[in-house]
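*Asks:* Have a look at this one before I ask anything.
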Amino acid sequence: MTPFFFSEEDNSRASFLHRFDPRVKIISFFFLIAAIVFTSSHDHYKFLVYFFMLVFMTVLSRIPFKDLARRLVLIFPLLIFLAASLIFFERNPFSENLDILWNLFVKSILCFLCLAVLILTTEFYHLVQGLEHLKVPRIITSLLSFAYRYSFLFAQEAERLRRAKESRSFGNRKKLEEVSTVTHIVPHLFFKTFERSERIYASMLSRGYEGKIQTLSFFRLGKRDFFFIFLFHIFLAFVVIVL
Amino acid sequence: MNERVIEVENLNFSYPDKTIALRNMNFSVSRGESLAIIGPNGAGKSTLLLHLNGVLRGEGTVRVLGEKISKENLKRIREKVGMVFQDPNDQLFMPTVFDDVAFGPLNLYLEREEIEKRVDSILKELGLEGYGKKSPSHLSLGEKKKVSLATVLVLEPEILVLDEPTISLDPGTKRIFIDIYKDIKKTKLIATHDLDLVSQLCSIVVLMDKGTVIAEGACRDILRNKKLLEDHSLEVPASLALNRLKRQE
């Protein structure tokens, strides 16, 4: 069972975006996200351009739109929660609230799409290595790689507990009883995942792990990477400054 | 006298919740020996094994190939002592079989060509040719156990430590693994309560219970001592019991 957001099958598609150096992609998407965040909420054309840039990259990467859309759905609960907080707790005029909501929604969705395209076109461990090459502190890259690997474990343990619970449930349970069972299961789930993660860590130490995930891949910037950087950033600069 | 490759002296260890796991453990393993550590559940077998490559550090001394385990030589020790864990799911955590087997050599900073050569060779040796691109989570238990073994053998350790190597395996797969282990000509330390396995693979047996050594001796002597075994929740292995029955007839 794989965690919903990451799919290692997606990274097997050998499209042009998959083949770029991960450092190039990380830097490019970082600047794109920065451009999105700092764009004024009134510059609707710029948001449209950013959106079409992402659509273009998605098409060229051969990522199915429905895969992207499924992942996009993940942020809606958070956005709705933030929107509700804004409406109930901030006493702003309606038009101001609308402006803030628009700002929140459009930027969150575009930034999330940037991250989704980056992650779906880069193998996770290459992403982590790329970050290390860009001098991101090792504590952060180690945390990222462990969080990724342990999310699989968490999902597996949750599935085991769910099956155990279902095997001893006979239907017709009241909702409150179900909630009560789940509240007992959740801490147990965390505890089991923690125990398992300790054993996996022991196994990694036994095979020489010293805090840095190594891969056989080595990164070398090619003409293709320089061309992408040049084209991408020139276009982004044009959108930010000129449009 | 054979060189002692593992020496454990007065080893004591307690877990953070104050559970005493090891009490004054003393034993040694000579080069080329196949030594079994047997005992009931909770005897401290797995805890002891984790001391042999420095994952756990108790009070007392653990020497591997003459070197006392310390923070400074952990990497060297872990190159020499290859540990196969009881649950292969705890050992396989990379996206593909190739990545998992290459994990150890990568941490040794070996050259790319050397890593690829070693991985391909060990996969072939264990009958796992063509498995490189597969995801470990899609393998059967027997295949996972083979890959777990590969992840350790690829490091070419001098000492092989196996924690319950045949647990949950069907008889046919167990037979295959016993033949694999027989072919591995390294010093072996096997923690198990599968006494049939012990009778086929090991020459020396250490019986543990409640964190301490109860008895140590030749495999034949320990495994035929019915009272000793039953006092510690074990039984004479079926193969030896059957032989005894045949002799009585």
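Sequence lines, in order, name chains A and B.
Numbering (the numbering used here) for the first sequence: 1 to 243.
Numbering (the numbering used here) for the second sequence: 1001 to 1249.
Where is the CB? At the ideal position from N, CA and C, for every residue including glycine.
Small disclaimer: the values here were computed from a predicted structure and weren't measured.
#1: Classify B:ASN1089 as buried or exposed, calling it buried when 16 or more other Cβ atoms lie within 10 Å of its own Cβ.
#2: I want to see whether chain B comes within less than 8 Å of A:SER206, judged by CB atoms only; does it?
#3: Which residues in chain B sit within 9 Å of A:SER142, going by Cβ to Cβ distance?
#4: Roughly how many angstroms lie between the CA atoms of B:ASP1099 and B:ILE1020, to the nearest whole one?
#5: With the cut-off set at 8 Å, would you say B:VAL1029 and B:VAL1005 are in Cβ contact?
#6: How long is the line joining the alpha carbons of B:GLY1132 and B:ALA1102, rounded to whole angstroms?
#7: Considering only DSSP beta bridges, list what B:VAL1084 is partnered with.
#8: For a test of the three-state rule: what should DSSP assign to B:ASN1002, helix, strand or coil?
#9: Specify the secondary structure class of A:PHE235 as computed by DSSP and reduced to three states.
#10: Taking Cβ positions only, does A:LEU127 come closer than 8 Å to chain B?
#11: Which of the three DSSP states is assigned to B:SER1028 in this structure?
#12: Taking only beta-carbon atoms, is A:ILE200 less than 8 Å away from chain B?
#13: Within the 8 Å Cβ cut-off, does A:PHE6 reach chain B?
#14: Inspect the CB distances between the region 1115-1130 of chain B and the region 1048-1064 of chain B and report whether three or more fall short of 8 Å.
#15: Indicate whether the contact test is met: 3 or more Cβ pairs, each with one atom in the region 207-216 of chain A and one in the region 14-27 of chain A, closer than 8 Å.
#16: Ordered along the chain, which non-local residues of its own chain (more than five positions away) have a Cβ less than 6 Å from that of B:ALA1043?
#17: In terms of alpha-carbon separation, which member of B:SER1239, B:LEU1056, B:SER1137, B:GLN1086 lies closest to B:THR1096?
#18: Measuring straight from C-alpha to C-alpha, what distance separates A:GLU8 and A:PHE89?
#19: Taking only beta-carbon atoms, is A:SER108 less than 8 Å away from chain B?
#20: Using the beta-carbon count (16 or more within 10 Å), is B:PRO1165 buried or exposed?
#21: On a Cα-Cα basis, can you pick out the residue from B:LEU1228, B:GLU1230, B:LEU1223 that is closest to B:SER1239?
#22: Can you grab the Cα-Cα spacing for the pair A:VAL49 / A:VAL239, in whole Å?
#23: If you measure from the beta carbon of B:THR1151 to each beta carbon in chain A, is any gap under 8 Å?
#24: Please state the DSSP three-state secondary structure of B:SER1034.
#25: How close, in whole Å, do the beta carbons of A:VAL106 and A:MET57 come, if the pair is a contact with beta carbons under 8 Å?
#26: Between B:SER1204 and B:LEU1162, what straight-line distance do the alpha-carbon atoms span, to the nearest angstrom?
#27: Look at the alpha carbon of B:MET1025 and the alpha carbon of B:GLN1200, and state the distance between them as a whole number of angstroms.
#28: Report all residues from its chain with a CB closer than 8 Å to the CB of A:THR193; omit the five preceding and five following residues, and keep chain order.
#29: What's the C-alpha gap between A:LEU244 and A:LEU78?
#30: Buried or exposed: where does A:THR141 fall if 16 or more other Cβ atoms within 10 Å of its Cβ makes it buried?
#31: Rounded to the nearest angstrom, how far is the Cβ of A:PRO114 from that of A:PHE29, given a contact under 8 Å?
#32: Rounded to the nearest angstrom, what separates B:PHE1085 and B:SER1148 at their Cα positions?
#33: Is B:GLY1054 near B:ILE1069, with beta carbons less than 8 Å apart?
#34: What is the residue span of the beta strand (DSSP E) that B:GLY1217 lies within?
#35: Taking C-alpha atoms, which residue in B:LYS1174, B:LYS1134, B:GLY1104 lies nearest to B:GLU1156?
#36: If you run the structure through DSSP and keep just helix, strand and coil, what is B:THR1019?
*Replies:* From the atom records:
#1: Classification for B:ASN1089: buried.
#2: Yes, contact with chain B.
#3: Ordered by position in chain B, no residue passes the 9 Å Cβ test against A:SER142, which lies about 14 Å from the chain.
#4: Distance between the alpha carbons of B:ASP1099 and B:ILE1020: 37 Å.
#5: Judged by beta-carbon spacing, B:VAL1005 lies within the 8 Å limit of B:VAL1029, meaning their Cβ atoms are closer than that value.
#6: One C-alpha to the other measures close to 10 Å.
#7: Its beta-bridge partners are B:LEU1162.
#8: Looking at B:ASN1002 - three-state DSSP - the assignment turns out to be coil, as it is neither helix nor strand.
#9: In this structure, A:PHE235 counts as helix in the three-state DSSP scheme.
#10: Not closer than 8 Å to any Cβ of chain B, the Cβ of A:LEU127 fails to qualify, so no.
#11: Here B:SER1028 sits in strand by DSSP.
#12: Chain B, which has a Cβ nearer than 8 Å to the Cβ of A:ILE200, makes this yes.
#13: Bear in mind that the predicted position of A:PHE6 carries a pLDDT of just 49, short of 50, making it too unreliable to give a figure here.
#14: Flag = no, the region 1115-1130 of chain B and the region 1048-1064 of chain B do not touch.
#15: By the Cβ test, the region 207-216 of chain A is not in contact with the region 14-27 of chain A, since fewer than three Cβ pairs between them sit closer than 8 Å.
#16: Cβ within range, chain order: MET1208, ASP1209.
#17: When only C-alpha atoms are compared, the closest one is B:SER1137.
#18: Residue placement at A:GLU8 is poorly supported in this model, since its pLDDT is 49, which falls under 50; the coordinates still yield a value, given next. The alpha-carbon separation between A:GLU8 and A:PHE89 amounts to approximately 41 Å.
#19: Chain B contact via Cβ: absent.
#20: So B:PRO1165 counts as buried.
#21: Nearest of B:LEU1228, B:GLU1230, B:LEU1223 to B:SER1239, Cα basis: B:LEU1223.
#22: The straight-line gap from Cα to Cα measures roughly 8 Å.
#23: Yes, contact with chain A.
#24: Here DSSP, grouped into helix, strand and coil, assigns B:SER1034 to strand.
#25: The beta-carbon distance between A:VAL106 and A:MET57, rounded to whole angstroms, is 18 Å. This is too long to meet the 8 Å contact definition.
#26: Checking the sequence, you will find Ile at residue 1204 of chain B rather than Ser. In a straight line, the C-alpha of B:ILE1204 is about 15 Å away from that of B:LEU1162.
#27: If you draw a straight line from the Cα of B:MET1025 to the Cα of B:GLN1200, it is about 26 Å long.
#28: Correct list, in chain order: TYR150, LEU153, PHE154, GLU157.
#29: Outside the shown range of chain A (1 to 243) lies residue 244 of chain A, about which nothing can therefore be said.
#30: Burial is judged here by how many other beta carbons sit within 10 angstroms of a residue's own beta carbon; A:THR141 has at least 16 and is buried.
#31: Looking at the sequence itself, residue 114 of chain A is Cys, so the reference to Pro does not match. Confirmed, about 5 Å.
#32: Across the structure, B:PHE1085 and B:SER1148 are spaced so that their CA atoms are roughly 8 Å apart.
#33: Judged by their CB atoms, B:GLY1054 and B:ILE1069 are nearer to each other than the 8 Å cut-off.
#34: It spans 1212-1218 - the beta strand (DSSP E) in which B:GLY1217 sits, taken as one unbroken run.
#35: Looking at B:LYS1174, B:LYS1134, B:GLY1104, the one whose alpha-carbon comes closest to that of B:GLU1156 is B:GLY1104.
#36: Here B:THR1019 sits in coil by DSSP.
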